[in-house]
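Here's the structure we're looking at; comments come further down.
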Amino acid sequence: MAARKFDPKFKNAGKQPGLQIWRIKEFSVEDVPKELYGNFYEGDSYIILHTKNSNSFDVHFWLGRKTTQDEMGTAAIKTVELDDALGGLPVQWREVQDHESALFFTYFKNGIKYLDGGHETGFNHVVDQLENFKPKLFHCKGKRNVRCTQVPVIKESLNLGDVFILDKGKDLYVWMPPESGRLERMKGVQQAESIRDQERAGRPKIHVLDGDWNTNNEWWKHFGGKQSVGWIKSPYGGGQDENYWLDKTAQITLYRCSDSSGKLTVEKIKTGHPDAKQLDTNDCFIVDADAEGGIYDLDGDDVMILDGINIIYVWVGTGANKDEKDHAKETAQMYLEASSVARHKKTTIDIVFQGKEPPTFKKFFRAWDDKLFQGQLPNYKNMRSLLFH
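Mapping to full-length UniProt numbering: the sequence shown position 361 is 361, numbers consecutive.
Right under this line is the structure:
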């Protein structure tokens with residue numbers, strides 16, 4: 001059988017440990033300069049490869065909230081090509097702007113930054129960037145994972161509970177109102193330092209507005225003058241940092257997905273902590289894990305669905321057959337659409353393989369034990385058919 005072709009841009013993919021990022025541009029991919037890692041345009045789609053070693057990879061395709069259907073489709077196709085180029089070994093992740101996985105955030109120590117526009121913006125040199133620079137305002141928000149999102153440079157964008165960065169090209173102002181969070185303050189400064197050092201060769205000067213947050217003339221001249229202070233929204237005007245879609249009082253619900261009758265049926269069998277005795281290796285299961293689960297509820301002969309509110313995990317056991325995998329994907333999509341749980345409309349579906357579970361998946365279980373799956377190889381080759389077929 002002839003080897004499948006892949007994009008020439010992936011020729012050196014995975015050769016060295018670390019991060020590589022490509023941006024989708026007109027049905028192809030282009031390299032993102034390393035100094036711009038962590039910057040994502042809302043109108044674009046990206047592919048991110050994290051290489052641990054020669055046979056351990058994570059591939060994420062990231063979708064901006066304004067990306068086109070064509071770019072989304074190209075990102076999916078190119079992700080499969082990258083998977084082929086790396087021998088089918090990567091674990092694949094689908095990331096949506098504002099709802100990225102915790103693993104994704106670990107790659108960017110200074111946090112991530114969302115910018116207006118798309119690939120038509122291009123990657124400009126430092127000198128070009130600073131010529132006729134138009135001020136930009138970034139809203140930095142989050143308790144554990146801080147995102148800095150470009151917003152209009154108007155007083156209505158501000159609130160007293162979050163950190164904001166005013167980027168004037170040669171000067172960066174980090175605005176820290178008194179009720180902003182400690183981590184947001186730290187990440188705001190780190191993001192400003194990243195812009196200065198990585199994107200602009202150390203040229204800009206950083207101004208931290210802490211004690212003078214309400215008196216700095218240079219800051220306030222962009223927002224109607226110091227008299228606008230009294231009109232700035234309260235700390236709650238920026239929304240809660242916590243994940244407000246998660247109902248912390250809900251319990252686990254276990255569903256059985258069976259085709260023993262000749263057609264796929266979904267039956268609710270228990271609310272509470274599932275028991276391994278309730279699992280049948282001939283069926284697949286949905287675990288609605290609003291609370292904590294038990295590791296022994298995972299059966300290697302099944303495909304299981306774990307509902308993490310903002311992420312639906314499809315867990316692929318080593319012994320799961322093709323029909324179970326196909327039905328599990330379809331059922332996960334139907335389950336997500338029919339669920340009465342209040343969740344964000346951009347909840348995503350990610351694939352997890354037995355023995356390769358990430359920390360974001362393990363956290364749903366009371367007592368995770370990696371030894372439970374030792375000696376059982378994950379079926380990497382079946383992964384793409386769950387997301388792309």
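All C-beta atoms in this analysis are idealised placements derived from N, C-alpha and C, irrespective of residue type, glycine included.
Own chain, CB closer than 7 Å to Thr79, minus 5 neighbours either side, in chain order: Ile47, Val59, Phe61, Gln92
Can you name the start and end residues of the alpha helix (DSSP H) that Trp219 belongs to? 217–220
Do Val189 and Ile206 have their beta-carbon atoms positioned less than 9 Å apart in this structure? Yes, Cβ-Cβ distance for Ile206 and Val189 is below 9 Å.
Trp213 and Asp176 - do their beta-carbons sit closer together than 9 Å? It should be pointed out that residue 176 corresponds to Met in this sequence rather than to Asp. Result yes, Cβ atoms of Met176 and Trp213 sit closer than 9 Å.
DSSP three-state label for Trp22, please. The answer is strand: DSSP assigns Trp22 an E or B state.
Coarse secondary structure for Met383, derived from DSSP in three states: Summary for Met383: the model assigns pLDDT 37, below 50, so the residue's position carries little reliability; its value from the coordinates is reported in the next sentence. Correct three-state label for Met383: helix.
Flag this pair as yes or no: are the beta carbons of Gly161 and Gly181 separated by less than 9 Å? yes
Please give me, in chain order, every unbroken run of the beta strand (DSSP E) with length at least 3 that falls completely inside the stretch 84–110. 91–96
Determine, using beta carbons only, whether Arg196 and Arg185 come nearer to each other than 9 Å. no
Where does the unbroken beta strand (DSSP E) through Val163 begin, and where does it stop? 163–167
Give the range of the beta strand (DSSP E) segment to which Gln150 is assigned. Taken as a continuous stretch (DSSP letters only), the beta strand (DSSP E) holding Gln150 covers 147–151.
Just verifying my parser: in three-state terms, what is the DSSP assignment at Ser54? coil
Through-space distance from Asp70 to Trp231, alpha-carbon basis: Taking the straight line from one Cα to the other gives about 42 Å.
Where DSSP assigns a beta bridge to Ser45, which residues make up the other side? Leu63
is_contact[Ala102, chain B] using C-beta, thresh 9 Å: Absent here is chain B; the protein component of the structure consists of one chain.
Keeping to the same chain, check which residues put their C-beta closer than 7 Å to that of Met334; ignore five residues upstream and five downstream. none
Which residue wins for smallest C-alpha separation from Gln20, given the options Phe10, Phe27, Ser28, Glu26? For Gln20, the nearest C-alpha among the options comes from Phe10.
How would you label Ser234, buried or exposed, when you count the other beta carbons within 10 angstroms and need 16 or more for buried? exposed
Please report the straight-line C-alpha distance between Tyr313 and Ile351, rounded to a whole angstrom. 6 Å
Residue range of the alpha helix (DSSP H) that Val189 falls in? 182–194
Name the two residues that bound the continuous beta strand (DSSP E) containing Tyr114. It spans 112–115 - the beta strand (DSSP E) in which Tyr114 sits, taken as one unbroken run.
In this structure, what does DSSP give as the bridge partners for Lys205? Asp171
Residue interval of the beta strand (DSSP E) (run including Glu30): 28–31
Indicate whether Phe164 and Leu115 have their beta-carbon atoms separated by less than 9 Å. no
Only counting the same chain, and skipping five residues up and downstream in sequence, which positions put a Cβ closer than 7 Å to that of Asn12? none
What did DSSP end up calling Lys5 once you bin it into helix, strand or coil? Reduced to three states, the DSSP call for Lys5 is coil.
What first and last residue would you give for the beta strand (DSSP E) that runs through His139? Secondary structure note for His139: its beta strand (DSSP E) is the uninterrupted segment 136–141.
Whole-angstrom C-beta distance between Lys170 and Leu130, which should lie under 8 Å: 6 Å
Quick one: what does DSSP say Gly300 is sitting in, helix, strand or coil? Note that Gly300 scores a pLDDT of 45, beneath 50, so its modelled location is shaky; the value from the coordinates is reported in the next line. In this structure, Gly300 counts as coil in the three-state DSSP scheme.
Answer with buried or exposed for Gln354, where buried requires no fewer than 16 other C-beta atoms within 10 angstroms of its C-beta. A residue is called buried once 16 or more other Cβ atoms fall within 10 Å of its Cβ, and Gln354 is buried on that count.
With 16 other CB atoms within 10 Å as the buried threshold, where does Pro90 fall? With 16 or more other Cβ atoms within 10 Å, it is buried.
My guess is that Lys187 and Val146 are in contact by the Cβ rule of under 8 Å, so how many angstroms apart are they, rounded? 4 Å
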